[in-house]
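Number of protein chains: 2
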Amino acid sequence: MHKTPEVYALLESYRVGNLHDDDVVDHSDEEMWVREPLRDRRLVVKTARPFNAEIPPKLQIQHLDTPNELFYVRQHMPVPELDPATHRVKVSVGGHDPRTFSLQQLDQFPRVTLRAALMCAGNRRSEMNKVKPVKGLDWAGGAISNATWTGVRLRDVLLQCGVDPTDTKGKHVILQGADIDATGVNFSTSIPLATALSEERTVLLVTHMNGAPLPPDHGAPLRAVVPGAPAVRSVKWLESITVSELESPSHWHQKDYRAFNPSKTWETADFSTAPPVYSLPVTSAICDPGEGEQVKVKNGHVEVKGYAYSGGGAKIMRVDISADRGATWVEAQHLISDDAPPNTHYGWTLWTARVPVGKGQSEMELWAKATDSNFNTQPEKFDDIWNIRGILSNAYHKIKIKLQH
Amino acid sequence: MHKTPEVYALLESYRVGNLHDDDVVDHSDEEMWVREPLRDRRLVVKTARPFNAEIPPKLQIQHLDTPNELFYVRQHMPVPELDPATHRVKVSVGGHDPRTFSLQQLDQFPRVTLRAALMCAGNRRSEMNKVKPVKGLDWAGGAISNATWTGVRLRDVLLQCGVDPTDTKGKHVILQGADIDATGVNFSTSIPLATALSEERTVLLVTHMNGAPLPPDHGAPLRAVVPGAPAVRSVKWLESITVSELESPSHWHQKDYRAFNPSKTWETADFSTAPPVYSLPVTSAICDPGEGEQVKVKNGHVEVKGYAYSGGGAKIMRVDISADRGATWVEAQHLISDDAPPNTHYGWTLWTARVPVGKGQSEMELWAKATDSNFNTQPEKFDDIWNIRGILSNAYHKIKIKLQH
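In order, the protein sequence lines correspond to chains A and B.
The numbers in the first sequence follow this note's numbering, run straight up by one, and end at 725.
The numbers in the second sequence follow this note's numbering, run straight up by one, and end at 725.
Listed below in structure tokens is the structure:
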């Protein structure tokens, strides 16, 4: 009786986004979910099962390194419960016997600490979703956080297991987690072997996050961290590493996290020929004030804060803010980051700008735009980068605020 | 008598651009210019003294590696005449005695051949110049060419001269050429020491271009090639290399090739705090057909060709063409490049797209837009990337053509 066109039209106006198959999990087996970890109540939950939650924007910019309990969470499946004392990771390199390493055995390699932001390839999807609906979790700007990661180099482990560093062409490293979907398939994805062996990329097998053992939500007791890449490549609950002439055959690798142009539809997009996304473009977001907020004008200015980030090792060089739709730009005065050089800079950048306000001005539209060390910058609008999966959503962040004099 | 506002207004309409001080050289000493090399008549000359010329767009896309005689030429001063038999390069590393190397002595190091495009940071400035006048040579899209370069690694030379590869922070390598301005100052610029030592960047000291000895216009007998960087860093007629805690003090390094936001003027721009440009953003251009050309429609399509490039080692992943101002996009079908992996990909990419034509359509506006392996893409328009020096001019290339059925 309710299935009338009028009711559908009414419901359509409340739609916040379309889920992708990946985000739809069979919840019928309650047993799968009873061991989920406790989560911080300040996280903004997008889906409860699997658990996906972003960090609220005002908390996001409080710390250069996000506290572990506030780090955004992106799960594909229930969280596996693994015992650090018995956990093993298996490393298979063609032509050599597979080897397994306990956490203690991994400790033979030099320990490395690296600062890197992890960002979901779908961060800021909600803005692209407004141009034309896309499939995927309706992330605002909270699917990125920053941390220091401690572990050992994947490079060192692979070299000890017999990988030939001069023979990387066309080879991949398949990373598999202990998380399993309803059909019994483990999560996996892959990265190019050249990336895994790069001395500049420093791909890590990580046991510690901001100095503490990895929390269950972030891959305890062992995860990969592939700095500069979409976070999906930083496989959690890591249990096997395989050097292969093929990319990961998994659904997550083959049918997702690939880029298309705005004219490709679900019918015309060919995932088998589209390149996997292994690096993220320059982006930025305004975190404080928030959309629609009333802001107090001080000495003729409003203070605006946010983050900026670019993948592939690029460093943020400048953040510009416009309050007049691009006619003039104010450069952010304080960029907080670390001193890792461009090309090997994997952390995010927090910024503060002071934007002048006209006398008696009651409203303001703010645009944020970052420039990285390759001098790439963001596209102004989402139309020309729109894609069916709603990833790489990095156009200028635009918000409207009210001014209080 | 002619110095009236009316005459100035009339002349203004014929202005093609404003020269920067760098491009204005004292020509009074004719003697300086008598040894200039002969140049190919097909080059499009922008200034005769110093010689600056671009390659015509239709020749640009004929070869993956641009023939030496057609490679675009960007000189700051007269071309020095150097004898390969007696030429020496001096290498100074703090704490060690300076060393000098003849070309023969450089041959002790392993020879390396690398494909890299060189692009002037001001390529496509003419398009930015139309938004609001900038200072600099009014380059169309012809200030980029591609070649294979053969030489030895700067890294190997520096290590033999005593550089400590673990102590790169805040250090630079100053590269000085034999070309001299009217006041007796040699051309120089610098790059970060970390870049010079990077195994992935492969900065070269080059003697051969596309298999032949370097031509005089391209730095004979020895030049640097810094792949992925603006061509200004690839110093020609190289005569000294100095590791320093300071960047090059030269005018060309301190007062040029730095990036500003669109609101900075010559009065407010602070070159001392602006970051030097060491890497180039993603760009593309349509080379055939040209602006305003009449194009024959074949089987309901027009064929469009051009180049795309991104600095810092990024590889072009996709080129999209729109014939309806961004409403729909056609992906270029043929991308011609080499198989160097993303992150160490320094050559350009040539592309061909087939764009559908509506029945009876008589005109078409074409937009080109490239996406690189970091999934950065070009800004749609020049307004928000405009800068006083007209560099990094990488918005969509847009042309109008006429259609012949």
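All C-beta atoms, glycine included, are put in the ideal place defined by N, C-alpha and C.
Please read these numbers as outputs of a predicted model, since none were measured by experiment.
Problem set entry | Sheet register partners of B:THR593 (DSSP bridge) | According to DSSP, B:THR593 bridges with nothing at all.
Exercise. When DSSP labels each residue in this structure, what does A:SER446 get in the three-state scheme?
Worked result: helix
Problem set entry | Sub-8 Å separation of A:GLY688 and A:GLY620 beta-carbons | For the sequence presented, residue 688 of chain A should be read as Ala rather than Gly. No.
Exercise. Looking at chain B, which residues of the segment 641-671 of chain A have a Cβ within less than 9 Å of any of its Cβ atoms?
Worked result: SER642, GLY646, ALA647, THR648, TRP649, VAL650, GLU651, ASP659, PRO661, PRO662, ASN663, THR664
For this session: With DSSP as the reference, please indicate the residues paired to B:LYS584 in a beta bridge.
Result: DSSP lists no partner for B:LYS584.
Exercise. Is DSSP giving B:GLU565 helix, strand or coil here?
Worked result: coil
Exercise. Taking only beta-carbon atoms, is B:GLY442 less than 8 Å away from chain A?
Worked result: no
Exercise. Can you name the start and end residues of the beta strand (DSSP E) that B:LYS722 belongs to?
Worked result: 717-724
Exercise. What's the C-alpha gap between B:SER446 and B:VAL364?
Worked result: 14 Å
Problem set entry | Any C-beta of chain B under 8 Å from that of A:ASN581 | yes
Problem set entry | Selection of the segment 691-706 of chain B by Cβ proximity to chain A, strictly under 9 Å | THR691, ASP692, SER693, ASN694, PHE695, ASN696, THR697, GLN698, PRO699, GLU700, LYS701, ASP703, ASP704, ILE705
Exercise. Below 8 Å between beta carbons: does that hold for A:ASN714 and A:THR603?
Worked result: yes
Exercise. Just how far apart, CA to CA, sit B:PHE695 and A:ASN443?
Worked result: 14 Å
Exercise. Can you tell me whether DSSP reads B:ILE500 as helix, strand or coil?
Worked result: strand
Exercise. Taking Cβ-Cβ distances below 8 Å as the criterion, which residues of the segment 499-514 of chain B are in contact with chain A?
Worked result: PRO512, ALA514
For this session: Out of B:CYS481, B:SER657, B:GLY678, B:GLY632, state which residue places its alpha-carbon closest to the alpha-carbon of B:GLN382.
Result: B:SER657
Exercise. Given that a residue counts as buried once 16 or more other Cβ atoms are within 10 Å of its Cβ, and exposed if not, what is B:ARG645?
Worked result: exposed
For this session: Measuring alpha carbon to alpha carbon, tell me which of A:ARG709, A:GLU700, A:GLU685 ends up nearest A:ILE719.
Result: A:GLU685
For this session: Going by DSSP, name the residue or residues bridged to A:THR420.
Result: A:LYS410
Exercise. Mind checking if B:GLY620 is an interface residue toward chain A, Cβ cutoff 8 Å exclusive?
Worked result: no
Problem set entry | Where A:PRO547 falls: helix, strand or coil (DSSP) | coil
Problem set entry | Alpha-carbon spacing of A:THR562 relative to A:PHE391, whole angstroms | 29 Å
Exercise. Rounded to the nearest angstrom, how far is the Cβ of A:THR476 from that of A:PHE429, given a contact under 8 Å?
Worked result: Note that residue 476 of chain A is Asp in the sequence shown here, rather than Thr. The Cβ separation is near 5 Å, so the contact holds.
Exercise. What's the gap between the Cα of B:LYS410 and the Cα of A:SER412?
Worked result: 49 Å
Exercise. Along chain B, in chain order, which residues have C-beta atoms closer than 8 Å to that of A:GLY497?
Worked result: Under the 8 Å cutoff, chain B gives no residues; its nearest Cβ is about 24 Å from A:GLY497.
Problem set entry | Sequence-distant residues of its chain with Cβ nearer than 8 Å to B:ALA532 (five each side left out) | ASN388
Exercise. Does the beta-carbon of B:GLU351 have 16 or more other beta-carbons within 10 angstroms, so that it is buried, or is it exposed?
Worked result: exposed
Problem set entry | Boundaries (first-last residue) of the alpha helix (DSSP H) holding A:LYS689 | Run containing A:LYS689: none in the alpha helix (DSSP H); it sits in the beta strand (DSSP E), 683-692.
For this session: Provide the residue span of the alpha helix (DSSP H) that contains B:HIS571, from first to last.
Result: 571-574
Exercise. Listing by chain order, which chain B residues have their CB less than 8 Å from the CB of A:ARG638?
Worked result: ALA579, ASN581, PRO595
For this session: Could you tell me which chain A residues have their CB closer than 8 Å to the CB of B:SER518, listed as they occur along the chain?
Result: GLU520, ASN663
Exercise. Do B:PRO453 and B:VAL399 have their C-beta atoms closer together than 8 Å?
Worked result: no
Problem set entry | Rounded separation between B:SER518 and A:SER465 - CA only | 29 Å
Exercise. Applying a beta-carbon distance threshold of less than 8 Å, which residues of chain A neighbour B:LYS689?
Worked result: ASP704
For this session: Quick one: which residues of the segment 598-632 of chain A get their C-beta closer than 9 Å to a C-beta of chain B? List them in chain order.
Result: TYR598, SER599, LEU600, PRO601, VAL602, SER630, GLY631, GLY632
Exercise. Quick one: which chain A residues come within Cβ less than 7 Å of B:LEU712?
Worked result: PHE695
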